[in-house]
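When we follow my numbering, the leftmost residue of the sequence shown carries the number 223, and every step to the right adds one.
First comes the structure, then the notes that go with it.
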Amino acid sequence: MMNNHCFTTLLRSMVMVVMVVMIVMMVVIMAMTMMIMIVMMVMRMRMLMVMRMRMLMVMSMVMLMIMVITFNSALSRCTATSTTHGITP
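Written as structure tokens, this is what we have:
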């Protein structure tokens, strides 16, 4: 019973994380397209490529960190609820 509850909470948190990541990705892609257009007006093409690659690397790192933190928090919450013999919130 406790394992099932823990699994449902983990699944819900995973779905929330996926939805948030998708929304963030959409916003980031829109902002990046805007910035790329502005930079194309201002700069040369080579610098634009370098900046885009750097931005993509930073964004992927931040997203991985956020996903790992959320997953760890969900796991710790599940273990805490299971160890305290099911005083479910």
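Backbone N, C-alpha and C define an ideal beta-carbon position, used for all residues, glycine too.
Item: MET345 to LEU278 span [Cα, whole Å]; Value: Outside the displayed span of the chain (223 to 311) sits residue 345, for which this structure offers no information.
Item: Of the listed residues MET287, MET283 and MET254, nearest to MET271 (C-alpha basis); Value: MET254
Item: Contact belief for MET289 with VAL249 at Cβ below 8 Å, rounded distance in angstroms; Value: At roughly 17 Å, the Cβ-Cβ gap does not stay under 8 Å, so MET289 and VAL249 are not in contact.
Item: Among PHE293, SER298 and ARG299, the one whose alpha carbon lies nearest that of MET236; Value: PHE293
Item: Nearest-angstrom Cα separation, counted from PHE229 out to ARG299; Value: 11 Å
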